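The structure under discussion appears below in the form of structure tokens.
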Amino acid sequence: MFGDKGSLEWTHDQPTRLKFTRANGPDIYLTNGRSFLCDRAKSMSRIAAGHPEGFFETFGNYYRGFCTEVLRRMGESDAPVLPHPTIADGIHSMQFVDACVESNRKGNAWVDVPQE
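Structure representation (structure tokens):
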């Protein structure tokens, strides 16, 4: 993914590593389970560095977010606010997939994804 301030690169070959490059800067490789990560990023990983994440983490993070939201709505004031997908997130994800298909159909041309 490329933007005005830099880029991100991730591949299936090395799924626990994210390449981050600021515009005109050096490549920085970020991995899971490291002390330099922010608290929110740390809360999304239950597996130590060097172990593959993915399917296990996906459902663990989804259900933890959902359950803490249920607890908050039941009056558990100390339940943390954790991110979890919403219907709007699902719609936006499908718009992204539609844009990918359209881009392919147009010979890999840039296609804007609607922003709601």
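Plus 69 on top of the position in the sequence shown (first one is 1) and you've got our numbering.
By construction, the Cβ of each residue, glycine as well, lies at the ideal position given by its N, Cα and C atoms.
On a predicted model such as this, the values are computed, not experimentally measured, just so you know.
Selected residue, minimal CA-CA separation from residue i, among the options
i, options, result
"T127", "R103, D147, V166, P154", "P154"
"P183", "V170, C169, F165, L77", "F165"
"H161", "E78, I97, D181", "D181"
"D158", "G72, Y131, P84", "Y131"
Separation of residue j from residue i, as counted between CA atoms
i, j, result
"G144", "K74", "42 Å"
"L106", "G176", "38 Å"
"F135", "M113", "14 Å"
"R174", "D147", "49 Å"
"R133", "R141", "12 Å"
"V170", "A178", "10 Å"
Residue i vs residue j beta-carbon contact at 7 Å
i, j, result
"D96", "T90", "yes"
"T100", "R86", "yes"
"Y17", "K111", "A question about residue 17 goes unanswered here, because the residues of the chain that appear run from 70 up to 185."
Please go through the region 132-161 and give each complete beta strand (DSSP E) segment of 3 or more residues, from N-terminal end onward. none
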